[in-house]
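Protein chains: 2
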Amino acid sequence: MFNYSESMSPDHNQARHDRDSVARAALALLDEVGLADLSMRRIAARLDVQPSALYWHFASKQELLAELADRITTRIPAGSADVLTTARSIRDALFAYRDGAELVLSTYALRLGSSHAQVALEASLGPASTERATAILHFILGHTTLAQLRMHAESHGAAASGDEIDPTAGLDAVFDLGVAAIAGIRASRPRDRA
Amino acid sequence: MFNYSESMSPDHNQARHDRDSVARAALALLDEVGLADLSMRRIAARLDVQPSALYWHFASKQELLAELADRITTRIPAGSADVLTTARSIRDALFAYRDGAELVLSTYALRLGSSHAQVALEASLGPASTERATAILHFILGHTTLAQLRMHAESHGAAASGDEIDPTAGLDAVFDLGVAAIAGIRASRPRDRA
DNA sequence: ACCTGAACACCGTTCAAGT
DNA sequence: ACCTGAACACCGTTCAAGT
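Which chain is which? The protein sequence lines are A and B, in order. For reference, each letter of the first sequence is one residue, going 1344 to 1537 in my numbering. For reference, each letter of the second sequence is one residue, going 1344 to 1537 in my numbering.
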């Protein structure tokens, strides 16, 4: 048979990709344009490829998005730190990419991609704490999605009413309060400013 | 030619609408097809009208969606019941329409529509409890969005992995645990089966 | 006051065909 | 093994024009 794949073919502009390069380009584009504008056609354009080419690597957009959620989520450290530290590192992983929380929320709902975050939380909480870990995870996803959507809305000047208060103010306190309460520990002092 | 209209008027096919009738049709359609399939063109077709006609009543799809979120949300009783009861009635209001939680979550993030739910929670918690109320609301939105997305995914057979356990099992317990913990009350017994 | 008709700039996905 | 080209069935939104 013919085998084109293993040749280096130095001369021509043959954009040849695999699953990983597509996912990497998509993840970078997500961070630039946000989830709403992350289309298969845009990803293809970024890779100098026709939109249909993406369907060689991923069966659907949904499958590609699940892969992105997995990549965002695997950055969470698995070691059993205390709950608040684990919760914060989950939140920070979601914050690391634009609309990361929203993407992980919907993917996690569809049960695609193993819940690395749930495992980390259970390790932090000790044995027989599945329900608490689940509740904390739901809180983190809700809170972080809200906060992230709000950040982006405010930067694009979509504020609605007449009040001028910063919508992000006090959100860290709400986060710590929620996590600590569900974990059943005393609310800790705010961490030092980074 | 053909006349699909409901033809209450004897003579002509003049579908004449206002803001309210458009919103009502959209809300009914949301419940039938879900948020992902709720397009301006579908709503227009339901009203026997061209898509462009909707833009006389609403400036954008976003504005229409905000109105729907408001309608879903105003069903929440404002009286100061105990926290768990208030939280459950918020959840039930979101559950009352397909993808209600997801819709309210994104609308609430953009600060469109006054937060009727936040007010109700603060009334249940007593004075100086804004942060707790916010945390509970974030938990409710996260939890309910997850649960609702999961219900729909499972009914369409989008289950991914090999385990066969019901993804909805135990979710009521997680809800009660989360709300009670953030409110700072002892977890109550499960309510009687309806 | 409310709607039509036509257009513009987009979508996700499929599939035969190329190399 | 990986991609092109063309098509199909859609999107949200604008705007002149009709009644």
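Beta carbons: idealized from backbone N, C-alpha and C, even for Gly. Just so you know, these numbers come straight off a predicted model, no measurement behind them.
Check                                                                                                                         : Outcome
L1468/A vs V1426/A beta-carbon contact at 7 Å                                                                                 : yes
Helix, strand or coil at D1380/B [DSSP, three-state]                                                                          : helix
Own chain partners of R1529/A with C-beta closer than 8 Å, once the 5 adjacent residues on each side are dropped              : A1523
CB of A1409/B within 7 Å of CB of R1493/A, strictly                                                                           : no
Members of the segment 1458 to 1479 of chain B near chain A, C-beta cut-off 9 Å                                               : T1473, E1474, R1475, T1477, A1478, I1479
Outcome for H1499/B when other beta-carbon atoms lying within 10 angstroms are tallied against a minimum of 16                : exposed
L1437/B versus V1447/B - alpha carbon distance                                                                                : 8 Å
Residues of its chain near Q1393/A, where Cβ-Cβ distance is below 8 Å and the 5 sequence neighbours each way are ignored      : A1387
Chain A within 7 Å of G1505/B, Cβ atoms only                                                                                  : Here the model assigns G1505/B a pLDDT of 46, short of 50, so the residue's position is not dependable, and the following value carries that caveat. Not an interface residue.
Own chain partners of A1555/A with C-beta closer than 6 Å, once the 5 adjacent residues on each side are dropped              : Nothing can be reported for residue 1555/A: it is not among the residues displayed for chain A, which extend from 1344 to 1537.
Limits of the alpha helix (DSSP H) - the one that H1486/B falls within                                                        : 1473 to 1498
Host alpha helix (DSSP H) of A1421/A (start-end)                                                                              : A1421/A -> no alpha helix (DSSP H), and no H or E assigned at all.
Inter-residue CB distance, T1450/B and A1412/B (contact presumed, cutoff 8 Å)                                                 : 4 Å
Supposed contact pair A1460/B and I1419/B - C-beta distance, whole angstroms, cut 8 Å                                         : 6 Å
For D1435/B and L1390/B, the rounded distance between their alpha carbons                                                     : 28 Å
Any C-beta of chain B under 7 Å from that of I1525/A                                                                          : yes
Beta-carbon contacts of T1488/A that lie in its chain and below 7 Å, excluding the five residues immediately before and after : A1444, E1445, L1448
CB contact check: G1443/A to chain B, cutoff 7 Å                                                                              : no
Burial state of E1465/B, where buried means 16 or more other Cβ atoms lie within 10 Å                                         : buried
Own chain residues within Cβ distance below 8 Å of T1428/B, not counting five before or after                                 : S1467
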